[in-house]
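Residue numbers (the numbering used here): 3 to 270. Accompanying notes for the structure given below.
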Amino acid sequence: MPTIPEKPALEGLEQKWTTRWQDDKTYAFDRARPRDEVYAIDTPPPTVSGSLHVGHVFSYTHTDIVARFQRMRGRSVFYPMGWDDNGLPTERRVQNYYGVRCDPSLPYDPAFRPPPKPEKKAISISRPNFVALCAELTTEDEKVFEDLWRRLGVSVDWSLTYATISKSSQRVSQLAFLRLLNRQLAYQLEAPTLWDVDFRTAVAQAELEDREQPGAYHKIRFVMGDGAIEIDTTRPELIPSCVALVAHPDDERYKPLFGTHVLTPLFK
3 MPTIPEKPAL EGLEQKWTTR WQDDKTYAFD RARPRDEVYA IDTPPPTVSG SLHVGHVFSY
63 THTDIVARFQ RMRGRSVFYP MGWDDNGLPT ERRVQNYYGV RCDPSLPYDP AFRPPPKPEK
123 KAISISRPNF VALCAELTTE DEKVFEDLWR RLGVSVDWSL TYATISKSSQ RVSQLAFLRL
183 LNRQLAYQLE APTLWDVDFR TAVAQAELED REQPGAYHKI RFVMGDGAIE IDTTRPELIP
243 SCVALVAHPD DERYKPLFGT HVLTPLFK
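Next up, the structure:
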């Protein structure tokens, strides 16, 4: 009778089974199946902006459980893997990795090669050179990402892999926007936006990280008639968008002012 080893022999198991699944097309999506037998999973692709960590693994575990459950129910699961390599995180990754900064005023240098190690002072390079570095570094990062996901056994169909920076992804995105435009679901609007002072571009809420900072109250005078009223605020930078002053309706000090008008200090 064979004895049970004290420790399991795990060496080579990951490579063995990932190769087996790939050869047998265990997780391949069957396009011939009717629509009601298909379960599609469109997960947000991970950002290619550094090393993977346990948070990535944890978040994709949930989706993989759903994919495996649907296969057990007999459905053909459309489960691709994508790489989000088109955006500010990628630019920041390239800046820090190579020690470069994009300067659109500079001409393209076909002989440029990044330094072996980033220097203390960033090197200014042209936009085409910077874009080339983005493509080069993200390609290498994606190889590392894919190797880890494969070894983890995530049950995606690797033949459906895509990258957000690819021409096909750009075309799909543009066509989707045109459809929204034709349906009158896309519009222009003047509104406050989040602005990155380093990249000089608008940023999405998802790009922000909340950090506590010490603050202070500022007294701001609003002129009204032959007098003025002071308010306290911790956000004086928002004064340009101020459209009203608010007070408690039962506060006797301000009841006579309700319904009147004041001048914003910046526009006096």
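Note that the Cβ used here is the ideal one computed from N, Cα and C, for glycine as well. Please read all numbers here as calculations on a predicted model, not as lab measurements.
- Query: Taking proline 130 as the reference, which of Pro109, Trp85 and Thr266 has the closest Cα?
  - Reply: Pro109
- Message: Please list the terminal residues of the continuous beta strand (DSSP E) segment that includes valine 79.
- Response: It spans 78 to 80 - the beta strand (DSSP E) in which valine 79 sits, taken as one unbroken run.
- Alpha carbon to alpha carbon, how far is methionine 83 from valine 245? 46 Å
- Message: Just to confirm the assignment: which complete alpha helix (DSSP H) runs, minimum length 4, are found wholly within the segment 84 to 151?
- Response: 90 to 100
- Query: Which word fits proline 48, buried or exposed, when buried means at least 16 other C-beta atoms lie within 10 angstroms of its C-beta?
  - Reply: buried
- Message: Judging by CA-CA distance, which residue of Asp159, Asn98, Arg153 and Pro4 is the nearest neighbour of glycine 14?
- Response: Comparing Cα-Cα distances from glycine 14 to each of Asp159, Asn98, Arg153 and Pro4, the minimum goes to Arg153.
- For tyrosine 67, does the three-state DSSP call read helix, strand or coil? This sequence places isoleucine at residue 67; tyrosine is not what is there. Of the three classes helix, strand and coil, the one that applies to isoleucine 67 here is helix, per DSSP.
- Message: Nearest by alpha-carbon distance to tryptophan 151: which of Pro46, Tyr62 and Val264 is it?
- Response: Tyr62
- Pull up the distance between the alpha-carbon of isoleucine 231 and that of tyrosine 256, whole angstroms please. Rounded to whole angstroms, isoleucine 231 to tyrosine 256 spans 10 Å at the Cα level.
- Reference aspartate 228; option with closest CA among His64, Phe147, Asp44 and Val264: Distances from the alpha-carbon of aspartate 228 to those of His64, Phe147, Asp44 and Val264 put Val264 closest.
- Could you tell me how far apart the beta carbons of leucine 162 and phenylalanine 31 are, in whole angstroms, since I believe they sit closer than 8 Å? 7 Å
- Task: Using the Cα positions of aspartate 87 and serine 168, report the straight-line distance between them to the nearest angstrom.
- Result: 9 Å
- Task: Please state whether DSSP places valine 156 in a helix, a strand or coil.
- Result: coil
- Integer Cβ distance of tryptophan 197 from alanine 204, believed to fall under 8 Å: 6 Å between Cβ atoms; contact.
- Query: From alanine 137 to aspartate 200, what distance separates their C-alpha atoms?
  - Reply: 21 Å
- What three-state label does DSSP hand histidine 55 in the structure shown? In this structure, DSSP gives histidine 55 a state outside helix and strand, which the three-state scheme calls coil.
- Identify which residue in Trp85, Arg95, Ile125 and Thr92 has its Cα closest to the Cα of cysteine 104. Ile125
- Item | According to DSSP, residues forming a beta bridge with aspartate 234 | Bridge partners of aspartate 234: Lys221.
- Message: Distance check for proline 120 and aspartate 111, CA to CA, integer angstroms please.
- Response: 19 Å
- Buried or exposed: where does leucine 182 fall if 16 or more other Cβ atoms within 10 Å of its Cβ makes it buried? exposed
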